[in-house]
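A.B. asks:
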Amino acid sequence: MIGRLITLEGLEGVGKSTNMEFIQRKLQEAGIDVDVTREPGGTPLAEKIRALVLDTADEPLPDLCELLLIFAARSAHLENRIRPALDHGRWVLCDRFTDATFAYQGGGRGLPLEIIARLEGLVQSGLKPDLTILLDTPVEIGLERIRERGGTDRFESQRLEFFQRAREVYLSRAQQEPERCVVVDANRPLTQVQDDLAKIIEVYLSNF
Ligand code: T5A
29 MIGRLITLEG LEGVGKSTNM EFIQRKLQEA GIDVDVTREP GGTPLAEKIR ALVLDTADEP
89 LPDLCELLLI FAARSAHLEN RIRPALDHGR WVLCDRFTDA TFAYQGGGRG LPLEIIARLE
149 GLVQSGLKPD LTILLDTPVE IGLERIRERG GTDRFESQRL EFFQRAREVY LSRAQQEPER
209 CVVVDANRPL TQVQDDLAKI IEVYLSNF
């Protein structure tokens, strides 16, 4: 049995956390042993780095430093959790992965995408998700949903244009890699979003 890496992506408030459990359940119903995790984070060390990246600290976090911290967390997560799970034939379901780096640090912050691609090559040595589901809504909808929830981190307090640029990168990557990425319109009632997610998982599993 070969392990698979499935990632769930999208901007703030599109419903990633809400739908992780749903996807996990669908996989488990199909008899798949799934390890559910998130980025940045997923191991004790990577979770410490996550706190550094998300906290609104006194000292500014330069964009390049943010990028390197995210890849440092990813390196720990990959070597200490994701690769061992995949090697044992487990499936890994991850809330965000490297597409988020291209979208947020590339699109949002404006760091060159080539630098991100080089770090991706260095840290991941060719490992990429087998399936990526991109939940997509207009930026304002997602931000409104998290505003209702209250409390903001370093990213959630960014301006609208930051997220618009990030969304463009997400959508363009999905368009460039249609064999890996599926885009779901998340600006609909949750039941409709989950009907689509169930179909995506069913079709994906039918290939095995
Ligand atoms: N980051 C991460 C980078 O900058 N670079 C990287 O490489 C990586 C990996 C992570 C932050 O780190 C950044 C991006 C992020 O800013 P996080 O807390 O994990 O921080 O942030 P999010 O992943 O954005 O988590 P959120 O909780 O903010 O968004 P979710 O998980 O997409 O949204 P969710 O599920 O909590 O839903 C939000 C609200 O909307 C409702 C839910 O009930 C909830 O109240 N909702 C819906 N309402 C109506 N209709 C629907 N279809 C709904 N779906 C959900």
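Mapping of the sequence shown onto the working numbering: residues 29 to 236, in sequence order.
Every residue, glycine too, gets a C-beta built ideally from N, C-alpha and C.
All values reported here derive from a predicted model rather than from experimental measurement.
(1) Return yes when the Cβ of alanine 131 is within less than 8 Å of the Cβ of valine 120, no when it is not.
(2) Would you kindly work out how many angstroms separate the C-alpha atoms of leucine 218 and glutamine 133, rounded to a whole number?
(3) Taking threonine 35 as the reference, give the member of Gln222, Asp123, Asp164 and Phe191 with the closest Cα.
(4) Straight-line CA distance for glutamate 189 to histidine 116?
(5) Quick check on aspartate 63: buried or exposed, where buried means 16 or more other Cβ atoms within 10 Å of its Cβ?
(6) Using a threshold of 7 Å, is the CB atom of aspartate 61 nearer than that to any non-hydrogen atom of ligand 1?
(7) Going by the DSSP bridge assignment, what does leucine 121 pair with across the sheet?
(8) Using the DSSP secondary-structure output, state which residues sit across from valine 211 in a beta bridge.
C.D. replies: Let me spell this out:
(1) no
(2) 29 Å
(3) Asp123
(4) 42 Å
(5) buried
(6) no
(7) Ile34 and Val64
(8) Leu162
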